[in-house]
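Q: In our numbering, the protein residues as written are 150 to 436.
We put the CB at the ideal spot given by N, CA and C, even for glycine.
Keep in mind that this is a model prediction, so the values were computed, not measured.
Please see the structure below; I have some questions.
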């Protein structure tokens, strides 16, 4: 009996180690959902789009979702239609609920949010609504440190929306994000960065990403290396165009396995969920 108990004890003591050694596989979605604009009419209004936008998000069943251009009322609409997620983020104008969010949605049954926050892309990132580097509008990044409930594995998730006019703001903004991540990351912990970067794939803002201290790659391009630029656009412009340039990304550490990735060209009889296409990826971290 004692020998049997010792054998069972040894077996169960190994189980967490076996789980911890297993690869961490994630489904990730990045989606600019188009802010509520008074100039949008008909099928372009949020009221016309919200059911389809929510359906696209719900059916993807992503573990981690990065949303850009989300107003509080839009997030409320999505959360009613897409249950099961914890929300992280604040409005960029007051640090509470006013202005666009770079919101994060985390699947509650799989991950626990250990830490989270939002910082402003400026020389004073802790100052609410601060602007630098010729930004046209206030820009933020939302982040979360997550723990997988089953294995205890930690992953860092960042979501942002860079400036649409200032190249200096794009370059310094992303550098600030990478610096923030580097200071919080321990022992090679995996990370994902999603966002509308308002920058095409050949933009100099990405130069340091490939050779910096934390080299990253675009998950979609890793899986679709031969798709020409003319067919890789992520802005639908509500028309279904595909030659608009790729400005929406899911970044992962270089060397991460990409199982699949696609730009989601979903529409319903010509109704598009946004003026951007969502980008999705399934990735696998080896540890």
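I'd like the list of long-range same chain contacts for residue 277, defined as Cβ closer than 6 Å, with 5 residues on each side in sequence excluded.
A: Residue numbering aside, residue 277 sits at position 128 when the chain shown is read from its first letter. Closer than 6 Å at Cβ, skipping near neighbours: 244.
Q: To the nearest angstrom, how far is it from the Cα of residue 416 to the Cα of residue 293?
A: For the purposes of this step, residue 416 is taken as residue 267 along the chain shown, with counting starting at 1. For the purposes of this step, residue 293 is taken as residue 144 along the chain shown, with counting starting at 1. The straight-line gap from Cα to Cα measures roughly 31 Å.
Q: Taking C-beta to C-beta, are residue 329 and residue 181 nearer than 8 Å?
A: Within the chain shown, numbered from 1, the residue matching residue 329 stands at position 180. Within the chain shown, numbered from 1, the residue matching residue 181 stands at position 32. No, these two residues do not count as a Cβ contact at 8 Å.
Q: Roughly how many angstroms separate the alpha carbons of residue 167 and residue 401, rounded to a whole number?
A: Mapped onto the chain shown, residue 167 falls at position 18. Mapped onto the chain shown, residue 401 falls at position 252. With a pLDDT of 47 at residue 167, under the threshold of 50, the predicted position of this residue should be treated as unreliable, and no value is reported.
Q: Three or more C-beta pairs under 8 Å: does that hold for the stretch 260-269 against the stretch 282-300?
A: A contact exists between the stretch 260-269 and the stretch 282-300.
Q: So within the stretch 325-380, which uninterrupted beta strand (DSSP E) runs reach at least 3 residues, ignoring any that extend past its ends?
A: Runs found: 340-345, 365-367.
Q: Would a C-beta distance cut-off of 8 Å place residue 206 and residue 227 closer than the cut-off?
A: For the purposes of this step, residue 206 is taken as the residue at position 57 of the chain shown. For the purposes of this step, residue 227 is taken as the residue at position 78 of the chain shown. In contact: residue 206 and residue 227 (Cβ atoms closer than 8 Å).
Q: Taking the straight line between their C-alpha atoms, what separation do you get for residue 282 and residue 326?
A: Within the chain shown, residue 282 is the residue found at index 133, counting from 1. Within the chain shown, residue 326 is the residue found at index 177, counting from 1. C-alpha separation (whole angstroms): 15 Å.
Q: Only counting the same chain, and skipping five residues up and downstream in sequence, which positions put a Cβ closer than 7 Å to that of residue 339?
A: Against the chain shown, residue 339 aligns to sequence position 190. Answer for residue 339: 173, 304, 402, 434, listed in chain order.
Q: What do you reckon, are the CB atoms on residue 343 and residue 308 nearer than 8 Å?
A: Locating residue 343 in the chain shown gives position 194, where the first residue counts as 1. Locating residue 308 in the chain shown gives position 159, where the first residue counts as 1. Going by C-beta atoms, residue 343 is nearer than 8 Å to residue 308.
Q: Compute the distance between the beta-carbons of residue 218 and residue 242, then report whether it is under 8 Å.
A: Numbered from 1 along the chain shown, position 69 holds the residue referred to as residue 218. Numbered from 1 along the chain shown, position 93 holds the residue referred to as residue 242. No, the Cβ-Cβ distance between residue 218 and residue 242 is not below 8 Å.
Q: DSSP state of residue 248, grouped into three classes?
A: The count along the chain shown starts at 1 and reaches residue 248 at position 99. DSSP places residue 248 in coil when its eight states are reduced to three.
Q: Within its chain, find whatever has a CB closer than 6 Å to the CB of residue 198; leave out the 5 residues flanking it on each side and keep chain order.
A: Mapped onto the chain shown, residue 198 falls at position 49. Taken in chain order, the residues that qualify are 422.
Q: Identify the continuous alpha helix (DSSP H) that holds residue 201 and give its terminal residues.
A: Along the chain shown, read from residue 1 onward, the residue named residue 201 stands at position 52. Run containing residue 201: 195-209, per the alpha helix (DSSP H) assignment.
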